[in-house]
Amino acid sequence: MLHLPRRVLSTLAVTTAFSAGAARAEIPATLNINGASGLIELPSGESQSDSKFTFSGTIVGSVARGTLSFQFTDRLSASFRFQTWRDWNTLFPADTGTIRDRSIDIRYQILEESQYVPSLTVGLIDFTGEGLFSSEYIAATKTFGEKLKVTAGLGWGRLGSAGSIGSPFGNRPPLEEGDKGKPNVDQWFRGDVSPFAGVEYKINDRWTFKAEYSTDDYVLEDETRGLIERDSPFNFGIEYQKGPMFRYGMYSMYGSEIGFAFHIILDPKNRLTGGVTGPAPAPVKARPSRAADPDAFDGGWVTQADAGPILRENLAKRLAVDGIVVENLALTATTAQIRIRSTRIDAGAQAIGRTARAMSHVLPASVEVFEIVPVVNGIGASKITIRRSDLEELEFAGDNATLLRQRATITDAGPVPANALGDEGLYPKFRWSLRPALRMSELLKGDVGLQLSASYDVRPGLVLSGSIYKRVASNTDRDTAPSASLLPPVRSDRDRYIELGDPALERLTLAWYARPAPDIYSRVTLGYLERMHAGISGEVLWKPVDSKLALGVELNYSKQRDTDGGLGFDEYDYDVVTGYLSAYYEFGNGYVGQLDVGKYLAGDVGATVSIDRVFVNGWRIGAFATVTDASAAEFGEGAFDKGIRFSIPLNWALGNQSQTTYGATLRPNTGDGGARLDVDGRLYNSIRDYHTGALDPEWGRVWR
Amino acid sequence: MGTGVAVRLKIGLVALAVLAGCGNEKSEQRPLIATVGAMAASTVAQMRARQSGATPAAKAPPARAEIEKAGVPVLRATIPNLGADRFLTIFDQKGDVVTWKTTDGSTFSLRNGILIQTRGLGPDLMSSNVPTVGQLLQNGGTHQRQYFFLGADDQTTRRTYECTVTVVGKEEIEIFEKKHQVTRATEECTRQQSGKLTNEFWIEGQTVRQSRQWASALTGYIEFQRVVD
Numbered sequence: 030m031l032h033l034p035r036r037v038l039s040t041l042a043v044t045t046a047f048s049a050g051a052a053r054a055e056i057p058a059t060l061n062i063n064g065a066s067g068l069i070e071l072p073s074g075e076s077q078s079d080s081k082f083t084f085s086g087t088i089v090g091s092v093a094r095g096t097l098s099f100q101f102t103d104r105l106s107a108s109f110r111f112q113t114w115r116d117w118n119t120l121f122p123a124d125t126g127t128i129r130d131r132s133i134d135i136r137y138q139i140l141e142e143s144q145y146v147p148s149l150t151v152g153l154i155d156f157t158g159e160g161l162f163s164s165e166y167i168a169a170t171k172t173f174g175e176k177l178k179v180t181a182g183l184g185w186g187r188l189g190s191a192g193s194i195g196s197p198f199g200n201r202p203p204l205e206e207g208d209k210g211k212p213n214v215d216q217w218f219r220g221d222v223s224p225f226a227g228v229e230y231k232i233n234d235r236w237t238f239k240a241e242y243s244t245d246d247y248v249l250e251d252e253t254r255g256l257i258e259r260d261s262p263f264n265f266g267i268e269y270q271k272g273p274m275f276r277y278g279m280y281s282m283y284g285s286e287i288g289f290a291f292h293i294i295l296d297p298k299n300r301l302t303g304g305v306t307g308p309a310p311a312p313v314k315a316r317p318s319r320a321a322d323p324d325a326f327d328g329g330w331v332t333q334a335d336a337g338p339i340l341r342e343n344l345a346k347r348l349a350v351d352g353i354v355v356e357n358l359a360l361t362a363t364t365a366q367i368r369i370r371s372t373r374i375d376a377g378a379q380a381i382g383r384t385a386r387a388m389s390h391v392l393p394a395s396v397e398v399f400e401i402v403p404v405v406n407g408i409g410a411s412k413i414t415i416r417r418s419d420l421e422e423l424e425f426a427g428d429n430a431t432l433l434r435q436r437a438t439i440t441d442a443g444p445v446p447a448n449a450l451g452d453e454g455l456y457p458k459f460r461w462s463l464r465p466a467l468r469m470s471e472l473l474k475g476d477v478g479l480q481l482s483a484s485y486d487v488r489p490g491l492v493l494s495g496s497i498y499k500r501v502a503s504n505t506d507r508d509t510a511p512s513a514s515l516l517p518p519v520r521s522d523r524d525r526y527i528e529l530g531d532p533a534l535e536r537l538t539l540a541w542y543a544r545p546a547p548d549i550y551s552r553v554t555l556g557y558l559e560r561m562h563a564g565i566s567g568e569v570l571w572k573p574v575d576s577k578l579a580l581g582v583e584l585n586y587s588k589q590r591d592t593d594g595g596l597g598f599d600e601y602d603y604d605v606v607t608g609y610l611s612a613y614y615e616f617g618n619g620y621v622g623q624l625d626v627g628k629y630l631a632g633d634v635g636a637t638v639s640i641d642r643v644f645v646n647g648w649r650i651g652a653f654a655t656v657t658d659a660s661a662a663e664f665g666e667g668a669f670d671k672g673i674r675f676s677i678p679l680n681w682a683l684g685n686q687s688q689t690t691y692g693a694t695l696r697p698n699t700g701d702g703g704a705r706l707d708v709d710g711r712l713y714n715s716i717r718d719y720h721t722g723a724l725d726p727e728w729g730r731v732w733r
Numbered sequence: 010m011g012t013g014v015a016v017r018l019k020i021g022l023v024a025l026a027v028l029a030g031c032g033n034e035k036s037e038q039r040p041l042i043a044t045v046g047a048m049a050a051s052t053v054a055q056m057r058a059r060q061s062g063a064t065p066a067a068k069a070p071p072a073r074a075e076i077e078k079a080g081v082p083v084l085r086a087t088i089p090n091l092g093a094d095r096f097l098t099i100f101d102q103k104g105d106v107v108t109w110k111t112t113d114g115s116t117f118s119l120r121n122g123i124l125i126q127t128r129g130l131g132p133d134l135m136s137s138n139v140p141t142v143g144q145l146l147q148n149g150g151t152h153q154r155q156y157f158f159l160g161a162d163d164q165t166t167r168r169t170y171e172c173t174v175t176v177v178g179k180e181e182i183e184i185f186e187k188k189h190q191v192t193r194a195t196e197e198c199t200r201q202q203s204g205k206l207t208n209e210f211w212i213e214g215q216t217v218r219q220s221r222q223w224a225s226a227l228t229g230y231i232e233f234q235r236v237v238d
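First to last, the sequence lines map onto chains A and B.
Taking this note's numbering, the leading residue of the first sequence gets 30, the next gets one more, and so forth.
Taking this note's numbering, the leading residue of the second sequence gets 10, the next gets one more, and so forth.
Structure follows, in structure tokens:
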């Protein structure tokens, strides 16, 4: 393969980044120390370009912040922040606790900047936490010329704590203990309001100067805890952009502190490699014309006993190059159905295209219809039917992907044909792996360990699998006192499980996947389902291949496991039946929503709403919230379960052929309310990859 | 990229290699490790090149006799943006489309010498609607060109250009010691949104002997020479 030099890529990426914003503002929006579009600590009226995913690490004096931000739509963005205060107890030697805060912000851009109108954003900072940073703001930003941006705004909460001009909407009530963790609706835009302002001046493409008049008085850090001396409302500093992905900042803050910022700016939409890498495919093998060689089209070969096995073996050999396994092959004189398992290529459409071309090389000319059934967990996910003559005709046609999609059909997989020829070598099959695994408890704190996994495929759809985790190193202290939760401690003893069970059997399950009827998929998982619970979990999903809507039912019976990581159930005398009705919906443009209603692990009843943005290349970023009849007091800190999750395909960065992803789920607080079993192999996401909602956006890769 | 960055990159690559872990599913693990290995190797090579302050010396082009030794048709492709200069051999031939392949797995499909597809370059030209050689020999002729790319966003992007042909005239060119009498034609293409590109063709009879053709924003222009028929 010919690879683009990194230098060219980064130059082009910079050009793209700058030209994308050129239509309205010449200067791309930068980030503040809170990871939001803005100045130094102040927010601005701008938003990042759609889908930007950023990580910001900043240190100012004794305060360290780490923030993940995502531009969820053109106008809506959100942040998840970890914050720690070093030397928190300097003035209070009697205090022994440390303080860590996790907070969530949300911002909406009301106006985009145009010739006479500034961009205008309204934002809520730390709006569901303990309220240590709670602020609301409206900020406007206008660009003047090609170098200068001016921001002005109004702030409430912490951003209204200095230089107030009054309280137009009444007093700001204190946050009640029981309301911590819920949206602080009663406080919004209440209390003192202060006008703030700042400027950003672009010295050149790399260097930027920023100055601001900030209205955060740092009452908590300065007056209460003596960590920071706020001598001045003026902050200023410089920032340096290194390529499209990195930005550094250094600031003078509060007239007394030096601040540092480091930002990683990722664009999930676009691959770092500039495009899909990997070797070229084999071309389509053309058949002779029927007129020139009518004998080639004779279907008599089907009567030869060894024809099937030979053809299956030849296909397996060709497809092995791309990591595609032939589960089985069913032949008639005119139709071939191949069932494949793709283990490396990250896009279903590309695996399908490669399979179709391999079939054109191997199968006799009389076979006109190619049916390709991608298999996930032993069950057919869908059936893609391609006519061989279309493949031959369209290979070099303009817009060949669109044309082929118009002529191909994607339907329910149907049952395995009675005449299917499997490979005796495929089942049973034993697989194992040993790999490092990280368990983060907070920013840069957690365990590094080794995970030994093994699975045994008894037959298609029947898998025995398990994993063991052994910690190697840790830089965090965990509390092993039993949870004081008012609910059964189905999750809040998590730290006990980690500390007391090392090594621990994480999972040991027998899972059975099936497709009992058209459009219906099922799963039954039995055994040690997850680290804290064991039992049986069953699921049925209805999902027609071309339907935006899917419906599911899940029913589980589980018993809480011992903390020691063994097989016992002596420590907790707790078992529960849980179950959910689920609806999934594809809103288009990659937005997928899910609603679950049912009974959760602690016996509480409620619902979970989640929304994910799924990119064509496999990136997923989403948020979820669960509200149940468990009270805020029962849930503990955080009031209800909520958080964000993301998953990044490694090949997006490396360009290798692999389906490995890196992901995490982040919650501000973990409580026992709204908890679900963490079972492997839930149906919707595994099946959906080969349905039209996922295949159509990536269909351009069918000829790749 | 400074040495510091290179070192950090290498540490990152090693970390990724470790993340890959090990197991008995060799076919699934190898590509990652191979990729990481290849990237590390090329990083080290780049660092060395930079430290020595020299770009790798361009190899002297081989003599025609050497190229002809294999006894197969050969196309030379040069991509200035990628710093690539390769000799390609025929991978597949169907009707008037010939697909040429590099030894490392990239392919270029040309219809009567006019580029219609690339594979393996990263951002690839997946398909296109192009003029015929006859159209390129018609001075003042106009036609539409359409490109369909698979870009960094994994999706098909269409670009439509309006093109005008100028037949510059007869010329003599030399390709690896062999002289060819050709007609030189340029194809100037513009699109509404902005953007302009110029393809150049040196046509011998009805065959494109040499050309400089645009492939994609990232790949830029590719220069082709039909060295051995």
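Backbone N, C-alpha and C define an ideal beta-carbon position, used for all residues, glycine too.
Just so we're clear, the structure is a prediction, and the values are computed from it rather than from any experiment.
Separation of the CB atoms of LEU570(A) and ILE439(A) is rounded to 18 angstroms, and the pair is thereby denied contact status at 8 angstroms.
Put simply, the backbone Cα of ASP322(A) is about 35 angstroms away from that of SER411(A). Using a Cβ distance threshold of 8 angstroms, GLY32(B) and ARG460(A) count as a contacting pair. Checking the DSSP bridge columns, you'll see SER85(A) partnered with THR96(A) and HIS292(A).
Just so you know, the alpha carbons of SER225(B) and ASP524(A) end up roughly 53 angstroms apart. Its chain contains ARG254 and GLY255 as the residues whose beta carbon lies nearer than 7 angstroms to that of LEU120(A), once the 5 sequence neighbours on both sides are disregarded; these appear in chain order.
Not a single C-beta of chain A is nearer than 8 angstroms to the C-beta of LEU84(B). The DSSP-derived three-state label of ARG110(A) is strand. In the DSSP annotation of this structure, ASP531(A) is not part of any alpha helix (DSSP H), being labelled neither H nor E. Looking at the DSSP output, HIS189(B) shares a beta bridge with ILE182(B).
Cβ neighbours of PHE218(A) within its own chain (closer than 8 angstroms, five residues either side excluded): GLU165, TRP185 and PHE198. Where PHE664(A) is concerned, the enclosing alpha helix (DSSP H) starts and stops at 661 to 664. The alpha carbon of LEU555(A) has as its nearest neighbour, out of LEU695(A), VAL391(A), SER494(A) and ARG434(A), the alpha carbon of SER494(A). Annotation: the continuous beta strand (DSSP E) that includes SER611(A) extends over 604 to 617. Within the stretch 443 to 465 of chain A, the residues whose Cβ lies closer than 8 angstroms to some Cβ of chain B are PHE459, ARG460, TRP461, SER462, LEU463, ARG464 and PRO465, listed in chain order.
Around ALA161(B), the beta-carbon contacts reaching into chain A at under 7 angstroms are ASN299, ARG300, GLY303 and GLY304. Taking a Cβ-Cβ threshold of 7 angstroms, the residues of chain A close to LYS103(B) are ALA315, in chain order. Of the candidates LEU473(A), GLY174(A) and GLU229(A), LEU473(A) places its Cα closest to the Cα of GLY95(A).
Counting only the Cα atoms, ALA668(A) lies some 7 angstroms from ASP208(A). Each residue's CA atom was taken as its position, placing GLY195(A) and ARG201(A) some 12 angstroms apart. Excluding its 5 nearest sequence neighbours in each direction, ASP101(B) has C-beta neighbours in its own chain below 7 angstroms: THR108, listed in chain order. Counted as a single uninterrupted DSSP element, the beta strand (DSSP E) harbouring TRP185(A) occupies residues 177 to 186. Of all residues in the stretch 148 to 182 of chain B, only GLN155, PHE157, LEU159, GLY160, ALA161, ASP162, ASP163, GLN164, THR165 and ARG167 come within less than 8 angstroms of chain A when Cβ atoms are compared, listed by chain position. In this structure, DSSP gives LYS78(B) a state outside helix and strand, which the three-state scheme calls coil.
Under the 8 angstroms criterion on CB atoms, SER118(B) is classed as interfacial with respect to chain A.
If you draw a 10 Å sphere on the C-beta of GLY530(A), you find 16 or more other C-beta atoms in it, and that means buried.
Under the three-state reduction of DSSP, GLU252(A) is assigned to helix.
At a Cβ-Cβ threshold of 8 angstroms, THR237(A) and TYR247(A) do not count as neighbours.
Taking C-beta atoms as the reference points, GLY632(A) and VAL605(A) count as a pair closer than 8 angstroms. With the criterion set as a beta carbon lying under 9 angstroms from some beta carbon of chain B, the members of the stretch 700 to 730 of chain A are PRO726, GLU727, TRP728, GLY729 and ARG730, in sequence order. Considering only VAL313(A), THR83(A) and GLU666(A), the residue with the shortest C-alpha distance to SER512(A) is GLU666(A). ASP103(A) is not a Cβ neighbour of SER132(A), given a cutoff of 8 angstroms. At a cut-off of 8 angstroms between beta-carbon atoms, THR108(B) makes contact with chain A.
Under the criterion of beta carbons closer than 8 angstroms, ALA58(A) and GLU70(A) do not qualify as touching, at roughly 16 angstroms. Taking the CA atoms as reference points, TYR557(A) sits about 31 angstroms from TYR614(A).
Interface residue (Cβ-Cβ distance to chain B less than 8 angstroms): GLY184(A) is not classified as such.
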